[in-house]
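**Student:** Residue numbers (this note's numbering), protein chains in the order written: chain A, 15 to 168; chain B, 6 to 676.
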Amino acid sequence: MHAVRKQRLYLVLFIVAFASIAIGLIVFALRENINLFYPPSKIVSGEAPVNKHIRAGGCVLPGSVVRSDAGLEVEFAITDGNSQVKVLYSGILPDLFAEGEAAVVSGEVTKDGIFKASQVLAKHDENYTPPEVADMAGDGVDHQKTCEVIPYDS
Amino acid sequence: MIPEIGHFSLILALFLCIFLSIAPLVGSFTGQTLLMQSSRSLATGFFVFCTIAFICLAIAFGQDDFSVAYVSQNSNSLLPIYYKLCAVWGGHEGSLLLWAWMLSAWTFAITLFSRNLPLEMLSRVLSVMGMIAVGFLLFTLLTSNPFDRLLPDQPAEGSDLNPLLQDPGFIFHPPMLYMGYVGFSVAFAFAIAALIGGRLDSAWARWSRPWTTVAWSFLTLGIALGSWWAYYELGWGGWWFWDPVENASLMPWLVGTALIHSLAVTEKRGVFKSWTILLAIFAFSLSLLGTFLVRSGVITSVHAFATDPARGTFILIFLLFAVGGSLLLYAFRAPQVKSISRFDVLSRETLLLGNNVLFVVMSATVLLGTLYPLIADALGWGRVSVGPPYFNALFVPLMAIVCVLLGIGPLASWKKSPLKYIQNLLFKPLTISVILGLIFPAVYGDSYSISAAIAAILGIWIIATTVAEVIHKTRNASSFVAGLRRLTLSFYGMVFAHLGVAVTVLGVTLNTIYSEQKDVRMDPGATVEAGGYEFLFYGVEQVPGPNYTAQRGKIEVSSDGKVLEILMPEKRNYFSGGPSMTEASINSNLFRDIYIALGEPLTGGSWAMRVYFKPFVAWIWLGSVFMALGGFMAIADKRYRAHVKRKNPAVETVQSSSADQVDTDLAGAKV
Numbered sequence: 015m016h017a018v019r020k021q022r023l024y025l026v027l028f029i030v031a032f033a034s035i036a037i038g039l040i041v042f043a044l045r046e047n048i049n050l051f052y053p054p055s056k057i058v059s060g061e062a063p064v065n066k067h068i069r070a071g072g073c074v075l076p077g078s079v080v081r082s083d084a085g086l087e088v089e090f091a092i093t094d095g096n097s098q099v100k101v102l103y104s105g106i107l108p109d110l111f112a113e114g115e116a117a118v119v120s121g122e123v124t125k126d127g128i129f130k131a132s133q134v135l136a137k138h139d140e141n142y143t144p145p146e147v148a149d150m151a152g153d154g155v156d157h158q159k160t161c162e163v164i165p166y167d168s
Numbered sequence: 006m007i008p009e010i011g012h013f014s015l016i017l018a019l020f021l022c023i024f025l026s027i028a029p030l031v032g033s034f035t036g037q038t039l040l041m042q043s044s045r046s047l048a049t050g051f052f053v054f055c056t057i058a059f060i061c062l063a064i065a066f067g068q069d070d071f072s073v074a075y076v077s078q079n080s081n082s083l084l085p086i087y088y089k090l091c092a093v094w095g096g097h098e099g100s101l102l103l104w105a106w107m108l109s110a111w112t113f114a115i116t117l118f119s120r121n122l123p124l125e126m127l128s129r130v131l132s133v134m135g136m137i138a139v140g141f142l143l144f145t146l147l148t149s150n151p152f153d154r155l156l157p158d159q160p161a162e163g164s165d166l167n168p169l170l171q172d173p174g175f176i177f178h179p180p181m182l183y184m185g186y187v188g189f190s191v192a193f194a195f196a197i198a199a200l201i202g203g204r205l206d207s208a209w210a211r212w213s214r215p216w217t218t219v220a221w222s223f224l225t226l227g228i229a230l231g232s233w234w235a236y237y238e239l240g241w242g243g244w245w246f247w248d249p250v251e252n253a254s255l256m257p258w259l260v261g262t263a264l265i266h267s268l269a270v271t272e273k274r275g276v277f278k279s280w281t282i283l284l285a286i287f288a289f290s291l292s293l294l295g296t297f298l299v300r301s302g303v304i305t306s307v308h309a310f311a312t313d314p315a316r317g318t319f320i321l322i323f324l325l326f327a328v329g330g331s332l333l334l335y336a337f338r339a340p341q342v343k344s345i346s347r348f349d350v351l352s353r354e355t356l357l358l359g360n361n362v363l364f365v366v367m368s369a370t371v372l373l374g375t376l377y378p379l380i381a382d383a384l385g386w387g388r389v390s391v392g393p394p395y396f397n398a399l400f401v402p403l404m405a406i407v408c409v410l411l412g413i414g415p416l417a418s419w420k421k422s423p424l425k426y427i428q429n430l431l432f433k434p435l436t437i438s439v440i441l442g443l444i445f446p447a448v449y450g451d452s453y454s455i456s457a458a459i460a461a462i463l464g465i466w467i468i469a470t471t472v473a474e475v476i477h478k479t480r481n482a483s484s485f486v487a488g489l490r491r492l493t494l495s496f497y498g499m500v501f502a503h504l505g506v507a508v509t510v511l512g513v514t515l516n517t518i519y520s521e522q523k524d525v526r527m528d529p530g531a532t533v534e535a536g537g538y539e540f541l542f543y544g545v546e547q548v549p550g551p552n553y554t555a556q557r558g559k560i561e562v563s564s565d566g567k568v569l570e571i572l573m574p575e576k577r578n579y580f581s582g583g584p585s586m587t588e589a590s591i592n593s594n595l596f597r598d599i600y601i602a603l604g605e606p607l608t609g610g611s612w613a614m615r616v617y618f619k620p621f622v623a624w625i626w627l628g629s630v631f632m633a634l635g636g637f638m639a640i641a642d643k644r645y646r647a648h649v650k651r652k653n654p655a656v657e658t659v660q661s662s663s664a665d666q667v668d669t670d671l672a673g674a675k676v
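In structure tokens:
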């Protein structure tokens, strides 16, 4: 074979080999690690899968945060204005976690419809609302203020 | 008055840039020297007026001029003066001004350090810089003007700089990072100028190489600083979160790393030319994409600013123009490029190609993981997020291959490198790294960890092969020391950067494997144990600060009954309101950090607390400093200075001699 062509062939083989390894890894990793987001109403209606790692979010229901007396366990409820979900978490809550503020949690829904969170996500700007939560407010509302306008008494 | 001067200067700078992007380019085609020479003065003017605008904003901050909207949002009269000045880049508008100023500084630097560049090339490069500047200045002036006034009802007091940013890390992290981001625009400008001129030769690679290396070094430092800052300031004890904005800075870094290696091949051997151009385009496009992700607020991130759709749209359009335009130009010009020299399968060229492919693949996986939530949302697949396990699953194995190749690459010769020759050179480093690597986990940890062994083997492999490379290079000298003296600075730069990779890899892996993290509830007088240290909690007391009050915890750290240090983590409440901030307290040495952060107060004087033992964590940033230092050493090499001194540009000679130089000038080492 012509030397230049040979070189080009090696180059192509090289790239194909690495690219296929990479694509294989990507497909595998993506399949395992995509976490879908569910608002509380979908969890209550049973649309969210049970015992599978998902994310949920909403506004923290005022008055729902209860700390245990001994360990680091804490429970609170998140709402999207229609339904509420009880969240259990063990650990330290982020600085910006507060009642009546947006929160995103990741973890699993148990059979009884309780969300066991392995992580409570921090937001780092008090005026910032995660887009998932901001979507819960209806049209014509400033989405950054979702947690100030959604009804908590439903 | 002063903000108006700033605003006016910025508008003037915009008009100078419009001229800069047109006149010299036209001149370079019509051969009008006057038009081409105008590029220097226009670039200087751009720099001067951007500097005036920047200083005006700084003065507005210094004088607490709260009638300026941006100042009132990001400053407060109680703020210490150094934070007031840094608050200039504390928000969206000001950080864009910083970006524009850096762009003007890089443009000005090109006029200073490219006296040897042919006028035609220089004017095209500066023109491209001008086009980028027009985009950014328009963006600043139209959507995010930092000089907007709040008149007539100006607030009496500012709403303060985000407390998270009131930290020394904030003084250095954004400027460093931006130096890197914006610096890639120079590599981009050189690539586009070469494409416009249709001349892609080794001289082009030689010109743009130092610029790319400097930009890359700054970006390395910027990312490392950001990671270090997040580690001690956010109070979670993590140093990398695969946050979209971190990814946005990592992607240009990965492509930039590929670019500096590929530029070396293009300069020395005259191959991979069109590929190198493509990498230069990608590196800058990814910098722009990063800006888009950060500024538009489309992705949930710790860096996200409150959303303004107009800004996102503007950058998206700018991105389309920049990427689309340059790729179109590339499509027209690249087929004309021919590589002259050939190389064997086993050669340094092939190994560097491997490096390039790996880095681009890594960058692509990070890009996919970062953008996947956006794509899924746009296609109606629901709200998804891609977690750190995805990135780790891909990044770690690919990085391991990079480490293996990194050991072999510098030892292989250009063109052709017989297997036997490489085997001989690699035998000793391989033996040393496998033996030491297998022993390490047995000596260090409590239980034997296979992954620690693999990590140690890879780290030691890089160090051992790099040392072998130095020994190999000095083998013909009368003595080892004499040989060391004859090696060039750019070779030492490579050695340093590669050792830096080893240090960072060891830091990242060993830290991940051996860290001990305890989130605990502690009552005053209680003790907890982590990493062989005992922690005694005395309690928390209230202390005043300059513009905050703090709850300060007192924890005595002791090992084997001997008191090591009293750590005092804080929880601060700033007078200007907002949430409380966590200040971790860290006892640090080269081999481990002890990290304590206050969580939240619980009942009866007890506190939730993070007590972390973090071995080798300093190595992560130390290695990055090595890499950046290596980059700076490489460009300080007299090879570039000698080139500058040469009065006659003599492009043709450079072009033809570059291929001949190769054998005498292996990676800058005089053999």
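Note that the Cβ used here is the ideal one computed from N, Cα and C, for glycine as well.
Check whether the region 383-399 of chain B touches the region 430-438 of chain B, counting contact only when three or more Cβ pairs, one atom from each stretch, lie closer than 8 angstroms.
**Tutor:** no
**Student:** Counting only Cβ-Cβ distances shorter than 8 angstroms, please list the residues of the region 358-372 of chain B near chain A, keeping chain order.
**Tutor:** LEU358, GLY359, VAL362, LEU363, VAL366, ALA369 and THR370
**Student:** Could you tell me the distance, in whole angstroms, from the CA atom of ALA602(B) to the CA atom of PHE621(B)?
**Tutor:** Distance between the alpha carbons of ALA602(B) and PHE621(B) is about 19 angstroms.
**Student:** Are PHE189(B) and PRO257(B) touching if we call contact CB-CB under 7 angstroms?
**Tutor:** yes
**Student:** Listing by chain order, which chain B residues have their CB less than 8 angstroms from the CB of ARG81(A)?
**Tutor:** LEU607 and THR608
**Student:** If you draw a straight line from the alpha carbon of LEU15(B) to that of ILE37(A), how long is it in whole angstroms?
**Tutor:** 46 angstroms
**Student:** Could you run through the region 93-114 of chain A and flag, in chain order, every residue whose CB is less than 7 angstroms away from some CB of chain B?
**Tutor:** Within the region 93-114 of chain A, the qualifying residues are GLY105, ILE106, LEU107, ASP109 and LEU110.
**Student:** For the beta strand (DSSP E) containing LEU603(B), name the first residue and the last one.
**Tutor:** 597-606
**Student:** Which residues in the same chain as GLY295(B) place their Cβ atom closer than 8 angstroms to its Cβ, once the five residues preceding and following it in sequence are excluded?
**Tutor:** TYR186, VAL250, ALA253, SER254, MET256 and PRO257
**Student:** Helix, strand or coil: which one does DSSP assign to TYR453(B)?
**Tutor:** coil
**Student:** Taking all protein chains shown into account, decide if LYS652(B) is buried (16 or more other Cβ within 10 angstroms of its Cβ) or exposed.
**Tutor:** With a pLDDT of 42 at LYS652(B), under the threshold of 50, the modelled position of this residue cannot be trusted, and the question is left open.
**Student:** If you measure from the beta carbon of ARG166(A) to each beta carbon in chain B, is any gap under 7 angstroms?
**Tutor:** This sequence places Tyr at residue 166(A); Arg is not what is there. So no, TYR166(A) is outside the interface.
**Student:** Check for me: the alpha helix (DSSP H) holding ASP524(B) runs from which residue to which?
**Tutor:** Here ASP524(B) belongs to no alpha helix (DSSP H); instead the beta strand (DSSP E) covers 521-527.
**Student:** Please list the partners that PHE32(A) has in chain B, where partner means a Cβ-to-Cβ separation under 8 angstroms.
**Tutor:** GLY359, VAL362, LEU363 and VAL366
**Student:** Using the C-alpha atoms, what's the distance from SER292(B) back to THR669(B)?
**Tutor:** Caution is warranted here: a pLDDT of 35 is assigned to THR669(B), below 50, making its placement in the model unreliable, and no coordinate value can be reported.
**Student:** Tell me, to the nearest whole angstrom, how far the beta carbon of GLY77(A) is from that of ASP94(A); I am working on the premise that it is less than 8 angstroms.
**Tutor:** Taking 8 angstroms as the upper bound for CB-CB distance, GLY77(A) and ASP94(A) are not in contact here, some 17 angstroms apart.
**Student:** Would you report the Cα separation of SER164(B) and TRP280(B), rounded to the nearest angstrom?
**Tutor:** Looking at the backbone, the Cα of SER164(B) and that of TRP280(B) are separated by about 49 angstroms.
**Student:** Going by alpha carbons, who is nearest to LEU170(B) out of ASN592(B), THR532(B), MET527(B) and LEU84(B)?
**Tutor:** LEU84(B)
**Student:** Let me see if you follow: with CB-CB separation under 7 angstroms, is PRO415(B) close to chain A or not?
**Tutor:** no
**Student:** Going by beta-carbon coordinates alone, are VAL130(B) and PHE195(B) separated by less than 7 angstroms?
**Tutor:** PHE195(B) sits close to VAL130(B), with the two beta carbons spaced by under 7 angstroms.
**Student:** CB-CB under 6 angstroms to GLY498(B), same chain, minus the five flanking residues each way: which ones, in chain order?
**Tutor:** GLY635, MET638 and ALA639
**Student:** Using 7 angstroms as the limit for Cβ to Cβ distance, is LEU259(B) near chain A?
**Tutor:** no
**Student:** For the beta strand (DSSP E) that contains PHE618(B), what are its first and last residues?
**Tutor:** Note, PHE618(B): beta strand (DSSP E), 612-620.
**Student:** Under the DSSP definition of a beta bridge, which residues are partnered with PRO180(B)?
**Tutor:** According to DSSP, PRO180(B) bridges with nothing at all.
**Student:** Take the Cβ of PHE141(B) as the centre, count every other Cβ of all protein chains shown within 10 Å, and call the residue buried at 16 or more, exposed below.
**Tutor:** It is buried - the Cβ of PHE141(B) has at least 16 other Cβ atoms within 10 Å.
**Student:** Of all the CB atoms in chain B, is at least one closer than 7 angstroms to the CB of GLY127(A)?
**Tutor:** no
**Student:** Do three or more CB pairs link the region 38-46 of chain A to the region 115-133 of chain A at distances below 8 angstroms?
**Tutor:** The region 38-46 of chain A makes no contact with the region 115-133 of chain A, as fewer than three CB pairs between them are under 8 angstroms.
**Student:** At the level of alpha carbons, what is the spacing between GLU162(B) and ARG577(B)?
**Tutor:** 21 angstroms
**Student:** Grab me the residues of PRO654(B)'s own chain with a C-beta within less than 8 angstroms of its C-beta, minus the 5 sequence neighbours each way, in chain order.
**Tutor:** Unreliable positioning characterises PRO654(B) in this predicted model, as indicated by a pLDDT of 42, which lies under 50. The coordinate reading is nonetheless provided below. Here the set comprises ASN121, LEU122 and PRO123.
**Student:** Run through the region 412-440 of chain B for me and flag every whole alpha helix (DSSP H) of 4 or more residues, listed as ranges in chain order.
**Tutor:** List check, alpha helix (DSSP H) in window: nothing returned.
**Student:** Is DSSP giving VAL18(A) helix, strand or coil here?
**Tutor:** helix
**Student:** Determine the closest residue to LEU224(B) out of TRP247(B), VAL342(B), THR262(B) and PHE193(B), with distance taken between C-alpha atoms.
**Tutor:** THR262(B)
**Student:** Under the rule that 16 or more other beta-carbon atoms within 10 Å means buried, what is SER33(B), buried or exposed?
**Tutor:** buried
**Student:** Using three-state DSSP, classify PRO549(B) as helix, strand or coil.
**Tutor:** strand
**Student:** Which residues, in order along the region 388-403 of chain B, keep a beta-carbon less than 9 angstroms from a beta-carbon of chain A?
**Tutor:** ARG388, VAL389, SER390, VAL391, GLY392, PRO393, PRO394, TYR395, PHE396, ASN397, ALA398, LEU399, PRO402 and LEU403
**Student:** With a threshold of 16 other CB atoms inside 10 Å of the CB of LYS619(B), please say whether the residue is buried or exposed.
**Tutor:** buried
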